[in-house]
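*Asks:* Residue numbers are given in the numbering used here: position 101 of the sequence shown equals residue 219, and the series is strictly consecutive.
Below: one structure in structure tokens.
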Amino acid sequence: MYNKGDTAAPVVPEALEQQGGGIRLQVGKVQDRMLQSSLIYENVCAVSPQDFGEGNSHVLIRNQEGGEFVVAARGIPGFAPGYIALNEKQRQWARIAQLDTFMGMPYDPFRAGKNVYLGAVEVSVSFASPSKKTEYVYSDDELIPVFLGTFRDQILQPGQFILMDHRGTPLLVTINGVTLTNLGQQEGSEIRNDPGARGILVQQTEVLMTADGRDQRVALKLKSSATGSTRKPIITASFNFSQMGIGGLDDEFAILFRRAFASRVFPPKVAERLRIQHVKGMLLYGPPGTGKTLIARQIGKVLNAKEPKVINGPEVLNKYVGQSEENIRKIFADAEKEYKERGDESDLHVIIFDELDAVCKQRGSGVGGGTGVGDSIVNQLLTKLDGVDQLNNILLIGMTNRKDMIDDALLRPGRLELQLEISLPDEFGRVQILNIHTSKMKENGVLGDDVNIEEIAKLTKNFSGAEIAGLVRSATSFALNRHIEANDKGVIAKNVENMKVGHDDFVGALAEIIPAFGVAEDSLDLLLPMGIIKFNPPQFDKIFREGLEYCNTVRQSDTLRHLSVLFHGPLESGKTALTAYLAKQSDFPFIKVLSPMDLVPYRDDFAKKDYIHKVFADAYKSPISLLIIDDFESIIEYSPIGPRFSNVILPALITLIRTPPPKGRRLLTFVTTSHMGRLKRLQVDTYFPRQVKVGPVRTLEELAEVLVQSKTYTEQVVRYMCEEIRSQVGPDRSGQFVVGLGIKTVLTFLEEAKVMQNNGQDGVEAFVQKVAEAIVTARVELENETSGQRQSFD
């Protein structure tokens with residue numbers, strides 16, 4: 119045709135430039151059959167020299183829908199003006215009927231932009247007619263030179279259909295994507311598949327050729343060259359994760375592509391020399407809502423592979439004998455057939471298996487109603503993945519929330535060997551996800567200027583991707599609600615054009631959407647009903663300082679990613695409240711409280727053990743977690759009569775506390791006990807080298823401080839109450855006055871006194887009486903305990 123700077127390059131006539139729309143054209147026909155056939159297989163349209171001049175040129179045609187298409191043209195003497203000879207495939211591409219009228223004008227690519235050449239072009243080839251189909255195995259080494267030689271200097275664009283003759287057989291070439299360049303400059307870096315991208319085919323253009331297998335009637339057999347320069351890439355270059363709705367998984371995708379697709383980038387002969395066996399299976403596991411199914415669904419969009427098959431685990435099961443196994447075989451049937459025909463040249467077959475744990479549980483577990491169907495399904499799947507006639511053109515992607523339930527044999531090398539945890543997104547990932555879900559709002563000017571995505575990301579610790587999407591929907595609902603008005607005509611929308619989703623809407627949504635793996639705020643608040651009263655400032659300052667040091671150590675240390683701290687002290691001395699207060703101050707993204715009440719619904723020790731294991735497993739799903747194990751001796755069901763305890767729960771709990779979390783996870787455990795002596799007898803205290811002692815209210819001065827800080831009575835009344843308690847109880851045997859009551863006990867008596875006072879009774883005297891009796895009882899119990907220990911020692 120022509121090159122840049124060629125004096126023969128067409129120039130748009132001044133008259134046509136003034137017309138703007140060009141020449142009105144219709145579809146014409148070349149009468150000379152030999153010339154007609156030659157033009158068709160050269161992808162050239164005949165035009166009148168009066169319209170577009172003699173020789174070769176390009177014509178831009180605009181159909182009735184406004185679409186623009188560039189075709190190669192040649193002025194043929196005698197061809198009627200106002201007509202252009204478009205062949206059937208060119209009309210199909212440009213969506214022009216035989217009798218349509220449309221506009222056409224000369225096209226100069228050098229006036230259209232800087233990058234006018236094709237750096238690379240991605241094409242697919244098939245037979246043009248089923249009757250002309252042959253069993254000949256083509257090579258891209260054979261077809262690409264013909265393609266470059268025949269259509270060199272022509273302008274190509276995505277979606278274009280081209281007829282090519284090779285060895286007397288008509289072939290159909292489809293342009294799937296192009297890379298634009300400026301010959302020598304790295305301008306175009308990715309395959310573009312939008313129709314507006316077009317460029318000149320030159321000898322230096324890299325052609326990526328593959329067989330078009332969408333229509334089996336005209337599919338041909340094509341093998342790639344050994345050099346790899348023309349091999350179809352396994353991953354399309356036009357994908358964009360953010361446009362696909364995937365965010366926060368950059369590291370996971372890097373691992374996925376390195377392990378599963380890197381070996382597939384190279385041609386089969388190169389892989390054969392390296393003795394590469396492709397990864398045939400991967401398992402995506404993690405908490406619900408983190409994007410496992412979304413990843414698997416979108417992988418098919420970035421692969422040059424067969425349309426992925428999506429199977430939901432329970433759908434495989436069938437009540438008829440042998441039908442479940444047959445369903446597994448059908449899933450792999452297409453891949454087996456193509457692998458027998460084309461071997462390593464076969465396309466990749468992607469199989470997405472959702473809820474894999476539903477049918478691939480541990481063999482012998484009884485899944486399938488005790489009939490052994492579950493075991494047979496696992497055996498059948500193992501045979502297809504890694505059997506005698508193993509396939510090398512499949513990729514099985516399994517997804518599950520319960521990796522522990524899947525049969526171990528499936529997780530070995532050669533099967534689902536790539537096991538990728540899709541965990542909760544970090545702050546950077548949450549920013550990506552929020553940007554994805556608010557992108558349309560930004561484009562349409564609906565997102566308020568006061569919305570700070572980075573700030574929201576900081577406030578959404580331990581939110582999964584699904585929960586962030588729910589957060590955006592909730593914020594939108596707040597904005598919509600402001601523009602709803604109810605009147606006698608019903609509920610109508612008002613002032614919609616001024617609607618904005620603002621910062622306050624997201625604040626409301628944050629209060630409404632609670633993450634499944636977040637901070638148990640309600641549980642912590644229940645453990646702090648009366649707040650924290652520092653009746654002994656030196657003691658409390660020491661406890662708070664040590665507790666926060668432990669939190670900072672787990673958060674920042676490179677080696678100490680796992681700590682366990684034991685809080686011990688008398689009954690109702692405030693141990694639980696202190697651990698809850700420290701947990702709230704820690705600012706950890708995941709905080710969970712495990713108390714004896716949580717185990718009440720479970721009937722046997724094994725069910726309780728499983729629940730405790732689940733609590734720790736949930737903690738491991740967050741990058742940094744804090745567990746509060748409250749009332750340790752009650753959880754292990756310790757009884758002083760015997761003594762006895764649960765031989766199932768205690769070893770399991772100790773093991774879980776002592777075992778470091780998985781790589782990349784950090785765990786701090788706070789354990790409380792009111793009976794340190796019992797833990798010593800069980801030698802459990804040795805597992806807690808870090809211990810914090812929480813003392814009771816010991817002196818009348820400390821008792822007075824509790825009463826003053828509660829702000830229930832005046833200081834004068836408080837002094838009277840303390841003197842009354844002193845006079846009623848008196849000193850102990852050592853001559854000292856020791857209160858010895860837990861802070862919770864004192865605050866409970868105080869709350870009862872307040873209620874009595876509100877009901878017109880004497881709350882002051884009632885408080886004094888109850889505290890005095892409790893002190894006496896505590897002294898008697900202490901003496902009895904001391905006497906018992908002395909007798910035991912004797």
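Glycine included, every Cβ here is placed at the ideal spot set by N, Cα and C.
Ordered along the chain, which non-local residues of its own chain (more than five positions away) have a Cβ less than 8 Å from that of leucine 642?
*Replies:* Within the sequence shown, residue 642 is the residue found at index 524, counting from 1. So the list reads Ala698, Ala701, Lys702, Ile709 and Val711, once near-sequence residues are dropped.
*Asks:* Starting from leucine 786, trace the beta strand (DSSP E) in both directions and tell me its first and last residue.
*Replies:* Within the sequence shown, residue 786 is the residue found at index 668, counting from 1. Counting along the chain, the beta strand (DSSP E) containing leucine 786 begins and ends at 784-791.
*Asks:* Measure the beta-carbon distance from glycine 516 to leucine 466 and round it to whole angstroms, keeping in mind my assumption that it falls under 8 Å.
*Replies:* By 1-based counting over the sequence shown, the position of residue 516 is 398. By 1-based counting over the sequence shown, the position of residue 466 is 348. The Cβ separation is near 17 Å, so there is no contact.
*Asks:* Can you tell me where the alpha helix (DSSP H) with cysteine 840 in it begins and where it stops?
*Replies:* For the purposes of this step, residue 840 is taken as the residue at position 722 of the sequence shown. Residues 833-847.
*Asks:* Would you grab the beta carbon distance between proline 688 and serine 792 for me? Rounded to a whole angstrom, and I think it's under 8 Å.
*Replies:* Sequence index remark: in the sequence shown, residue 688 carries index 570 (1-based). Sequence index remark: in the sequence shown, residue 792 carries index 674 (1-based). Rounded, the Cβ-Cβ distance is 6 Å, consistent with contact.
*Asks:* Taking just the CA atoms, how far does valine 397 sit from valine 66?
*Replies:* Because residue 66 is not part of the residues shown, which for the chain are 119 to 912, the question remains open.
*Asks:* Which value, in whole angstroms, describes the spacing of the CA atoms of phenylalanine 788 and glutamate 820?
*Replies:* Counted from its first residue, the sequence shown places residue 788 at position 670. Counted from its first residue, the sequence shown places residue 820 at position 702. C-alpha separation (whole angstroms): 26 Å.
*Asks:* State the Cα-Cα distance for the pair leucine 859 and alanine 896, rounded to the nearest angstrom.
*Replies:* In the sequence shown, the residue the question calls residue 859 occupies position 741. In the sequence shown, the residue the question calls residue 896 occupies position 778. Computed Cα separation, rounded: 8 Å.
*Asks:* Can you give me the Cβ contacts of arginine 481 inside the same chain, cut-off strictly under 6 Å, excluding the 5 residues immediately before and after it?
*Replies:* Here the question's residue 481 lines up with position 363 in the sequence shown. Counting only Cβ-Cβ distances below 6 Å, and skipping sequence neighbours, we find Asp493, Val496 and Asp525.
*Asks:* My assumption, with CB atoms under 8 Å, is that leucine 274 sits in contact with isoleucine 293. Please give the rounded CB distance.
*Replies:* As a first step, residue 274 is located in the sequence shown; it is residue number 156 there, counting from the start. As a first step, residue 293 is located in the sequence shown; it is residue number 175 there, counting from the start. With 8 Å as the limit, leucine 274 and isoleucine 293 qualify as a contact, their Cβ atoms being about 5 Å apart.
*Asks:* For a minimum of 4 consecutive residues, which ranges assigned as the alpha helix (DSSP H) are wholly contained in the region 553-597?
*Replies:* Whole alpha helix (DSSP H) segments, 4+ residues: 571-577.
*Asks:* My parser needs the beta strand (DSSP E) runs of 3 or more residues fully inside the region 651-687; what are they?
*Replies:* You should have 680-686.
*Asks:* Which partner residues of phenylalanine 279 appear in the DSSP bridge assignment?
*Replies:* Within the sequence shown, numbered from 1, the residue matching residue 279 stands at position 161. Note: phenylalanine 279 sits in a beta bridge opposite Thr292.
*Asks:* Starting from methionine 874 and walking both ways along the alpha helix (DSSP H), at which residues does that stretch end?
*Replies:* In the sequence shown, the residue the question calls residue 874 occupies position 756. First-last of the alpha helix (DSSP H) with methionine 874: 861-876.
*Asks:* Roughly how far, in whole angstroms, is the beta-carbon of phenylalanine 265 from the beta-carbon of tryptophan 211, given that I think they are within contact range, below 8 Å?
*Replies:* Working through the sequence shown from its first residue, we reach residue 265 at position 147. Working through the sequence shown from its first residue, we reach residue 211 at position 93. Going by Cβ atoms, the distance from phenylalanine 265 to tryptophan 211 rounds to 17 Å, so no, they are not a contact pair.
*Asks:* Report back the beta-carbon spacing between isoleucine 429 and isoleucine 470 to the nearest angstrom; my notes put them in contact at under 8 Å.
*Replies:* The count along the sequence shown starts at 1 and reaches residue 429 at position 311. The count along the sequence shown starts at 1 and reaches residue 470 at position 352. Indeed they touch by this definition, with Cβ atoms about 7 Å apart.
*Asks:* Using the DSSP secondary-structure output, state which residues sit across from aspartate 472 in a beta bridge.
*Replies:* Residue numbering aside, residue 472 sits at position 354 when the sequence shown is read from its first letter. Asn430.
*Asks:* So within the region 716-789, which uninterrupted beta strand (DSSP E) runs reach at least 3 residues, ignoring any that extend past its ends?
*Replies:* Segments of the beta strand (DSSP E) lying fully in the region 716-789: 742-747.
*Asks:* Considering only C-alpha positions, which residue in the set Ile767, Ser704 and Pro779 is nearest to proline 741?
*Replies:* In the sequence shown, the residue the question calls residue 741 occupies position 623. It is Pro779.
*Asks:* Note down the Cα distance separating isoleucine 632 from arginine 591, rounded to an integer number of angstroms.
*Replies:* Here residue 632 refers to the residue found at position 514 of the sequence shown. Here residue 591 refers to the residue found at position 473 of the sequence shown. If I take the Cα positions, the gap works out to 14 Å.
*Asks:* Just reading off the alpha helix (DSSP H) that phenylalanine 375 is part of, what are its end residues?
*Replies:* As a working note, residue 375 is residue 257 in the sequence shown. Looking at the DSSP string, the run of the alpha helix (DSSP H) that includes phenylalanine 375 is 368-378.
*Asks:* The alpha helix (DSSP H) spanning tyrosine 457 covers which residue range?
*Replies:* The sequence position of residue 457 within the sequence shown is 339, counting from 1. First-last of the alpha helix (DSSP H) with tyrosine 457: 441-460.
*Asks:* Excluding the 5 residues preceding and the 5 following valine 836 in the sequence, name in chain order all residues of the same chain whose CB lies nearer than 8 Å to its CB.
*Replies:* Here residue 836 refers to the residue found at position 718 when the sequence shown is read from its first residue. Answer for valine 836: Ala822, Leu825 and Val826, listed in chain order.
*Asks:* Taking 7 Å as the limit between beta carbons, can you name the residues of its chain near alanine 315, skipping five residues before and five after?
*Replies:* As a first step, residue 315 must be located in the sequence shown, where it is residue number 197. So the qualifying residues of the chain are Gln275, Pro276, Val296 and Leu298.
*Asks:* Just checking my contact of tyrosine 256 with lysine 339 at CB under 8 Å: how many whole Å lie between their CB atoms?
*Replies:* Sequence index remark: in the sequence shown, residue 256 carries index 138 (1-based). Sequence index remark: in the sequence shown, residue 339 carries index 221 (1-based). Sure, about 7 Å apart at Cβ, within 8 Å.
*Asks:* If you follow the alpha helix (DSSP H) that isoleucine 495 is in, where does it begin and where does it stop?
*Replies:* For the purposes of this step, residue 495 is identified with residue 377 of the sequence shown, where counting begins at 1. Segment 491-504, the alpha helix (DSSP H) holding isoleucine 495.
*Asks:* To the nearest angstrom, how far is it from the Cα of proline 288 to the Cα of valine 243?
*Replies:* Mapped onto the sequence shown, residue 288 falls at position 170. Mapped onto the sequence shown, residue 243 falls at position 125. Cα to Cα, the separation comes out at about 11 Å.
*Asks:* For leucine 645, name the three-state secondary structure that DSSP assigns.
*Replies:* As a first step, residue 645 must be located in the sequence shown, where it is residue number 527. Leucine 645: coil per DSSP, three-state reduction.
*Asks:* As a quick exercise: from Val718, Pro647, Phe187 and Phe734, pick the residue whose alpha carbon is nearest that of histidine 680.
*Replies:* For the purposes of this step, residue 680 is identified with residue 562 of the sequence shown, where counting begins at 1. Selected option, being the one with the closest Cα: Phe734.
*Asks:* Below 8 Å on the Cβ atoms is my guess for leucine 774 versus isoleucine 730; work out the distance and round it to an integer in Å.
*Replies:* Residue numbering aside, residue 774 sits at position 656 when the sequence shown is read from its first letter. Residue numbering aside, residue 730 sits at position 612 when the sequence shown is read from its first letter. About 7 Å separates the two Cβ atoms, so the contact holds.
*Asks:* In whole angstroms, give me the CA-to-CA distance for lysine 913 and aspartate 504.
*Replies:* The chain is shown from 119 up to 912; residue 913 falls before or after that span and cannot be answered.
*Asks:* Name the DSSP beta bridge partners of asparagine 174, please?
*Replies:* Within the sequence shown, residue 174 is the residue found at index 56, counting from 1. For asparagine 174, which the question treats as bridged, DSSP gives the partners Arg192.
*Asks:* Smallest Cα separation from glutamate 545: which of His555, Leu577 and Ala695?
*Replies:* Reading the sequence shown from its first residue, position 427 is the one you call residue 545. Comparing Cα-Cα distances from glutamate 545 to each of His555, Leu577 and Ala695, the minimum goes to Leu577.
*Asks:* Can you check whether the CB of alanine 871 is closer than 8 Å to the CB of alanine 884?
*Replies:* By one-based count along the sequence shown, residue 884 stands at place 766. By one-based count along the sequence shown, residue 871 stands at place 753. For alanine 884 and alanine 871, yes; Cβs fall inside 8 Å.
*Asks:* Below 7 Å CB to CB, which residues in the same chain sit around glycine 140 once its five sequence neighbours on both sides are set aside?
*Replies:* Within the sequence shown, numbered from 1, the residue matching residue 140 stands at position 22. Answer for glycine 140: Leu134, Met221, Gly222 and Met223, listed in chain order.
*Asks:* With distances taken Cα to Cα, identify the nearest neighbour of cysteine 840 among Arg851, Ile610, Arg816 and Arg808.
*Replies:* Position 722 of the sequence shown, counted from the first residue, corresponds to residue 840. Nearest C-alpha to cysteine 840: Arg816.
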